[in-house]
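The block underneath contains the structure these notes are about, expressed in structure tokens.
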Amino acid sequence: MLIHCPVRIALSSLDPGICFGKHAFIIGPSLPRAAATRRGALSRWAVLVLVVVIAGCTRSKPVPAGHAEAPANAAGFVDTTREAGIDFRMAFLPNEQGQQFKINLYDHGCGVAVGDYDGDGDDDIYLLNQLGANGLYRNRGDATFENVTAAAGVALEDRISVGATFTDIDNDGDQDLFVTSTRGGNVLFRNEGQGRFVDATATSGLQHVGHSQTPTFFDFDNDGWLDLYLVQTAEWTKEQLDREASYYPGKGDLGNFAQVLASPLENNVLYHNNHDGTFTDVTESSGLKGRGWAGDAAVFDYDDDGWMDVIVTSMFGRAQLYRNLGNGSFEDVTLKTLGRTPFGGIGAKVFDCNNDGLLDVYIVDMHSDMWMGVDFQHASEDKAKRFETRSFDRFFGPIYYESAQARQEEQRVEDLLGYQRDEVIFGNGFYQNLGGGEFREATAERNLETFWPWGIAAGDFDNDGAVDLFLAAGMGYPFYYWPNYLLMNNRRGTYLDHGLTRGVEPPRGGPFLDQTIDGQRCPRSSRCAATGDFDGDGRLEIIVNNFNHEPYFLRNSFPQQNYVAFRLTGTRSNRDAVGAVVKLHLAKSVLVRQVDAASGYLSHSSKDLHFGLGHTTSIERIEIKWPSGQVQTLPEVELNQLHEVREPKWETARADDSA
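Heads up: the sequence shown begins at 200 in our numbering, then just goes up one per residue.
This is how it looks when you write it as structure tokens:
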């Protein structure tokens with residue numbers, strides 16, 4: 200959602216260049232040569248300075264529209280990070296995000312991945328870092344953890360880590376680990392068993408060095424082996440290595456964010472799995488290069504033709520939905536299938552909001568909320584609350600309608616960023632699946648517009664039979680505190696934020712860190728989140744990686760209700776069963792879950808499929824559609840258990856093959 204809420208607009212003849220910040224915007228009459236875009240340097244611009252004098256740090260009462268009112272002691276989540284033994288802390292780069300604060304992608308933080316690295320049946324957690332070691336935490340089976348990073352050999356202290364995925368790349372039954380980096384080189388760790396990984400990057404063909412984001416493994420050609428789709432942003436760092444700190448400084452000083460926007464774009468990369476531990480770059484023939492500035496990818500078969508399709512978010516421009524043609528290539532069908540998509544998309548998630556058996560698409564837009572300028576006085580917070588659940592059809596939001604100068608300058612912004620206004624919306628995008636490969640945009644209808652969102656985690660947190668959402672949100676220093684969202688589904692596909700009433704907000708340690716930066720309080724802020732049932736009690740926990748502080752391990756304390764869960768193993772399909780879809784046919788609804796690749800933004804949730812059932816005590820039919828194409832029907836299964844299901848042979852696809 201884009202918010203510009205000035206009390207007064209002052210025009211000036213100063214020449215500060217261009218600064219696209221987080222709370223207002225300042226546009227100088229001319230750009231320095233370094234900020235010239237691919238379309239050429241902009242002509243002289245007027246300076247627009249937004250001035251508002253309102254301060255605060257948390258949501259005020261009464262509770263805004265779109266948020267729930269409930270007793271403060273309502274059941275929900277409890278932060279047990281310390282009790283769980285998770286002693287990780289994400290640390291930012293002090294010359295980028297501390298007193299020398301810059302506006303660039305280093306403020307996007309780092310990811311989290313969930314997977315069973317040691318094969319003991321319990322999901323473990325891998326947390327990534329910018330400055331210092333990553334952290335691998337082994338689950339003891341009761342949602343308490345031990346730090347096994349050093350023993351496993353996956354610390355990667357020598358580079359800035361970004362995203363990671365647990366994936367069985369060689370179908371040997373072990374979860375391998377792939378980690379992306381900002382210009383430090385991506386890494387493939389092959390799982391050797393006994394809790395150890397070895398660096399197999401050099402022999403794998405995956406030695407890419409760039410500005411990578413989430414690594415997404417899926418089987419694009421249905422050969423039973425997981426391929427890798429690597430989404431990339433742009434060359435937003437400087438060429439000169441900071442040898443003392445061992446990283447490449449970012450562009451984007453506060454006075455000139457155009458340096459970042461004008462960065463040469465990087466294309467996404469598709470690697471084909473060669474079935475022998477090596478991969479081949481097939482990007483050129485695939486049509487999946489993208490449009491640059493990719494933030495996240497989610498894969499699903501949107502048209503139900505048996506081939507996995509891909510949706511990619513864009514941080515500056517429209518998203519892309521690529522239809523898999525089944526011949527190794529993809530075509531962009533975004534405009535004719537989804538229509539307008541978020542301009543500043545970050546996370547993407549696929550789930551069914553209303554139990555009609557169809558997978559919907561949700562894209563959250565962080566960057567459209569940024570264009571409010573450098574507001575160290577926290578003057579825009581009150582307006583942000585008022586416009587929190589609104590999106591706009593113009594880059595400058597409300598200012599477009601309040602300022603003739605903004606209307607004159609909008610075309611120049613379009614030229615700078617290279618987008619078409621009739622292809623984008625400035626806010627989140629929720630796309631209701633109508634079946635037959637058709638979708639309808641329904642963000643407002645579902646109450647899914649939010650403010651400052653980064654990552655999406657999806658799951659039925661209260662086991663009532665409907666998928667809920669957790670949105671990681673906020674910016675941190677030097678901006679004001681903004682809460683995370685716990686969007687609970689009312690079982691009809693409409694959402695209400697219960698963050699303040701279900702244990703998510705305020706954070707256990709309060710909205711601010713103990714330490715200050717340059718004498719200012721440092722607000723907490725989150726970037727990404729993943730889910731899993733870490734204690735095996737049939738309720739989903741949430742692990743959140745935060746910017747510049749410790750993570751949140753949110754233990755589920757909702758009342759027990761019926762559930763059923765499945766752990767799938769492919770035989771003809773990829774062993775991880777990524778892309779497999781399970782449907783539970785109930786009396787009046789169809790619940791659907793998909794074994795996901797990494798999605799939601801820098802996050803990878805458990806591959807186990809969890810279905811809350813509420814008070815339901817019987818399931819009419821269970822269908823599994825495997826990536827190989829075969830459909831398996833399971834007989835009645837016992838509720839309140841995790842069932843392991845192995846893909847059967849073709850001739851027995853309708854027989855019970857559950858363990």
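Note that beta-carbon positions come from the ideal geometry of N, C-alpha and C, so glycine has one too.
If you're wondering where the values come from, they're calculated on a predicted model, not measured in any experiment.
Among the options, nearest to residue i - alpha-carbon criterion
i, options, result
"glycine 491", "Leu616, Ile562, Phe478", "Leu616"
"isoleucine 562", "Leu739, Gln610, Gln631", "Gln631"
"arginine 701", "Ser756, Leu670, Gly654, His803", "Ser756"
"methionine 569", "Val408, Asn553, Phe594, Asp551", "Phe594"
"valine 549", "His266, Val794, Met565", "Val794"
"alanine 399", "Gly362, Leu387, Ser462, Asp661", "Leu387"
"phenylalanine 678", "Gly331, Thr715, Phe660", "Thr715"
"leucine 487", "Trp435, Gly799, Phe529", "Phe529"
"phenylalanine 478", "Phe810, Leu429, Asp286, Ser579", "Leu429"
"glutamine 619", "Phe733, Gly265, Gly310, Asp592", "Asp592"
"proline 293", "Asp371, Glu443, Ala349, Phe344", "Glu443"
"proline 648", "Gly556, Ile510, Ala583", "One point to set straight first is that residue 648 is glutamate, not proline, in the sequence displayed. Nearest C-alpha to glutamate 648: Ala583."
"proline 710", "Gln393, Val703, Leu699, Pro722", "Pro722"
Cα-Cα separation between residue i and residue j, rounded to whole angstroms
i, j, result
"glutamate 843", "asparagine 473", "28 Å"
"serine 805", "glycine 297", "34 Å"
"leucine 537", "glycine 658", "24 Å"
"aspartate 503", "leucine 440", "47 Å"
"tyrosine 501", "glycine 636", "6 Å"
"arginine 707", "aspartate 278", "7 Å"
"phenylalanine 752", "arginine 726", "14 Å"
"valine 830", "lysine 824", "4 Å"
"aspartate 317", "glutamine 374", "8 Å"
"asparagine 689", "histidine 697", "11 Å"
"asparagine 553", "tyrosine 762", "17 Å"
"proline 826", "leucine 801", "24 Å"
"phenylalanine 515", "tyrosine 470", "25 Å"
"serine 788", "aspartate 663", "13 Å"
"valine 791", "phenylalanine 456", "43 Å"
"asparagine 839", "alanine 267", "29 Å"
"isoleucine 624", "tyrosine 336", "40 Å"
"alanine 672", "threonine 642", "18 Å"
"asparagine 466", "valine 509", "15 Å"
Contact check, residue i vs residue j, beta carbons under 7 Å
i, j, result
"glutamate 822", "threonine 832", "yes"
"serine 567", "phenylalanine 586", "no"
"arginine 845", "threonine 730", "no"
"glycine 527", "threonine 512", "no"
"phenylalanine 669", "isoleucine 741", "yes"
"glycine 449", "glutamine 431", "no"
"threonine 860", "leucine 425", "No answer is possible for residue 860: it lies beyond the span of the chain, which begins at 200 and ends at 858."
"glycine 310", "glycine 352", "no"
"glycine 423", "asparagine 683", "no"
"alanine 797", "threonine 381", "no"
Neighbourhood of residue i by C-beta distance below 6 Å, restricted to the same chain and skipping five residues each side
i, result
"glycine 340", "Asp321"
"leucine 464", "Ala433, Gly491"
"phenylalanine 291", "Gln329, Asn747"
"glycine 308", "Arg726, Phe746"
"aspartate 369", "Gly476"
"glutamate 835", "none"
Range of the contiguous alpha helix (DSSP H) that encloses residue i
i, result
"lysine 488", "Note, lysine 488: premise wrong, no alpha helix (DSSP H); not H, not E."
"valine 459", "457–460"
"proline 722", "Element bounds for proline 722: not the alpha helix (DSSP H) but the beta strand (DSSP E), 719–722."
"proline 293", "293–296"
"serine 403", "400–403"
"glycine 508", "Before going further, note that residue 508 is aspartate rather than glycine in the sequence given. Looking at the DSSP string, aspartate 508 is not in any alpha helix (DSSP H); the run it does join, the beta strand (DSSP E), is 508–513."
"threonine 533", "533–536"
The beta strand (DSSP E) enclosing residue i, as first and last residue numbers
i, result
"asparagine 472", "468–472"
"asparagine 523", "519–523"
"lysine 584", "No beta strand (DSSP E) contains lysine 584, which is instead part of the alpha helix (DSSP H) from 580–585."
"valine 830", "830–833"
"valine 378", "375–380"
"glutamate 391", "386–392"
"glutamate 822", "820–824"
"alanine 493", "493–499"
Sequence-distant residues of the same chain with beta carbon closer than 7 Å to residue i, five excluded per side
i, result
"arginine 645", "Cys552, Phe629, Gly692, Thr693, Tyr694"
"arginine 754", "Phe276, Val277, Thr279, Ala342, Glu740"
"glycine 331", "Ala290, Glu356"
"proline 750", "Thr280, Ile285, Phe287, Leu326, Ile742, Val743, Asn744"
"phenylalanine 660", "Asp667, Leu739, Asn755, Phe757"
"alanine 868", "Given that the chain is displayed from residue 200 to residue 858, the structure contains no residue 868 and the question cannot be resolved."
"alanine 665", "Asn554, Asp659, Asn688, Arg690"
Beta-carbon contacts of residue i that lie in its chain and below 8 Å, excluding the five residues immediately before and after
i, result
"tryptophan 849", "Arg771, Gln829"
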